[in-house]
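Residue numbers (the working numbering): 1469 to 2042. C-beta: ideal position from N, C-alpha, C; glycine also. Below: one structure, written as structure tokens.
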């Protein structure tokens, strides 16, 4: 009807809203976006139109644009439930939890028994580490609606996070028993069974979930990761059965897995098919991944050509292309060009530590020693200290910790996509556990980290020194156990700010030839050969802190003994 009479679009804001919503439901996201934009140009104060467009943007991960629209709609009409609710959802997606909580609590005053609000509030509180308070709201929901799947799932997640595995299992099983559980419940139930060491049952639940949801991307990825660490023959078989370019999400997931296990030919095969379809919704990601596969095969110029086949843009959406371009330029020994690209990237996304890693590498490759040293002041930015003050107390605690950590290593090989080789890594965020040893460890690590950070001086525009803050938060933590010939490939932590490693059990061979030492400044980029700049000898009971953007890895250990560590990432609260 609108095609026959386009003047309808000028009559009322509801018309472009209906048009854009219809296009969105049909999967024409780009066309829907344009329809929303045209509608808002004509009706700039149309709150429902803003709200509808904001939902599309939030779904597409464009949180900041969505936030602008929801904020404007809420400002025009602060009494609207939908606008404030969606504003809270967006604050939550942006990890602005205090603002999300404020908006949700305002809505709860008017709607005290609305379950969606109680669910969101519990999720916010959980993210803020207020697990007891979050659990209280979930229990309240389940008293009203005992079969509420979201509440059962979220309660299970809290129990799992704090180490109450049996209680988590009960929650997930109750959700599954409703008969209407989604793929996430199968995924979480399988995961908790794996954590409890009941691997056979875990595989059965994964397979049940995949038989019911054969096209669910996350379920396939989780199953593949678990099958890999348990050394199953052909861990990707179930995913390979359903691969089709009609399911680009599955192809991208498969390609990502192949890239991480260094099977570049398989990744290239499927990515070429996907790129040939020229689907605008995934073209940037597909081209960037294809370039990655070509680099893995040593075809650096071809990788660069693939990136250059797309229009050269300088937006946040094009970051995957710019990063791949910089990798290829470094591999081709064109460091000066890489610097130009990476300085742009760091301006677009200054908080991503991985981008500063690559920029430091380009500076080093180009001989820009002063700029390199500004980012990588190893003497000043690396801190080594004992975990606890007293030597005897430290030794005793580390011994107890080693005994406990060894019980957590149940997998048979390294995880997909991680830096370690010939070793194992624990699941979950280790420092979330309520075990008394882990809580003591967490407190000691935080004290040492805060002491180090407070000794540094703030420096504007520096990716590390500009973010100094006395309040620190752990965002990831795990234990690694390396076996004979075990080592860490050089890597960096893009999501962190300050990273660290605690040495729990160290083989005697670290006294000889630098075996097992932690080394800095040696990049892991094909075609780039650089020596390390700095190294640390591991000593049991010592913790090492360093900026997350520094390349770091380990030399292999060769004796038939273990090297046991706890690693973690920290960000400033502000």
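Excluding five sequence positions before and after residue 1949, the CB atoms of its chain that fall closer than 6 Å to its own CB belong to 1877, 1891, 1892, 2030 and 2032, given in chain order. Scanning its chain for C-beta atoms nearer than 6 Å, with the 5 sequence neighbours on each side dropped, one finds around residue 1664 the residues 1633, in chain order.
When the alpha-carbon of residue 1681 is set against those of 1703, 1648 and 1661, the nearest one is in 1648. Note that the segment 1811 to 1819 does not touch the segment 1967 to 1976; fewer than 3 beta-carbon pairs, one per stretch, sit closer than 8 Å. Restricted to the segment 1741 to 1780, not a single beta strand (DSSP E) segment is unbroken, complete and at least 3 residues in length. Note that the C-beta distance between residue 1964 and residue 2016 is below 7 Å.
Nearest to residue 1524 by alpha-carbon distance, out of 1719, 1557 and 1655, is 1557. With a cutoff of 7 Å on beta-carbon distance, residue 1832 and residue 1840 are scored as near each other. It is roughly 14 Å from the alpha-carbon of residue 1998 to the alpha-carbon of residue 1836. If you draw a straight line from the Cα of residue 2003 to the Cα of residue 1504, it is about 55 Å long. Remark: C-beta atoms of residue 1643 and residue 1609 do not approach each other more closely than 7 Å.
Secondary-structure assignment with DSSP links residue 2012 through a beta bridge to 1852 and 1969. DSSP, read as helix, strand or coil, puts residue 1579 in coil.
Using a Cβ-Cβ distance cut-off of 8 Å, the segment 1591 to 1603 and the segment 1613 to 1629 are in contact, since at least three pairs of beta carbons, one from each stretch, lie closer than that value. In this structure residue 1589 is in contact with residue 1569, their Cβ atoms being roughly 7 Å apart against a cut-off of 8 Å. As a beta-bridge residue in DSSP terms, residue 2037 pairs with 1944 and 1967. By the 16-neighbour rule on beta-carbons within 10 angstroms, residue 1510 is exposed. Annotation: residue 1482 to residue 1637 spans about 47 Å, alpha carbon to alpha carbon. Bridge pairing for residue 1987: 2003 and 2021 [DSSP]. Our two residues, residue 1709 and residue 1687, have alpha carbons roughly 14 Å apart in a direct line. Residues 1829, 1958, 1998 and 2019 of the same chain have their beta carbon placed closer than 7 Å to that of residue 1991, with the five preceding and five following residues left out of the count.
In the same chain as residue 1941, and ignoring 5 residues on each side of it, the C-beta atoms closer than 8 Å to its own belong to 2038, 2039, 2040 and 2041, in chain order. As a beta-bridge residue in DSSP terms, residue 1892 pairs with 1949. In the three-state DSSP reduction, residue 1930 falls in the coil class, being neither helix nor strand.
In the assembly as shown, residue 1691 is a buried residue. Its beta-carbon has 16 or more other beta-carbons within 10 Å. About 11 Å separates the CB atoms of residue 2006 and residue 1987; that is not less than 8 Å, and the two are not in contact. Residue 1924 and residue 1849 have their C-alpha atoms roughly 9 Å apart. If you look at residue 1978, you'll find it isn't in any alpha helix (DSSP H); DSSP assigns it neither H nor E. Around the beta-carbon of residue 1606, 16 or more other beta-carbon atoms lie within 10 Å, marking it buried.
Here the alpha carbon of residue 1779 sits roughly 13 Å from the alpha carbon of residue 1793.
The secondary-structure analysis by DSSP pairs residue 2032 across a beta bridge with 1949 and 1973. Taking C-alpha positions only, residue 1576 is separated from residue 1678 by approximately 38 Å. In this structure, residue 1797 lies away from residue 1775, with their beta-carbon atoms at least 7 Å apart. Looking from the CA of residue 1751, the closest CA among 1722, 1717, 1763 and 1534 belongs to 1717. Rounded to the nearest angstrom, the gap between the Cα atoms of residue 1803 and residue 1834 is 5 Å. The shortest C-alpha to C-alpha distance from residue 1563 to any of 1585, 1586, 1537 and 1532 is the one to 1532.
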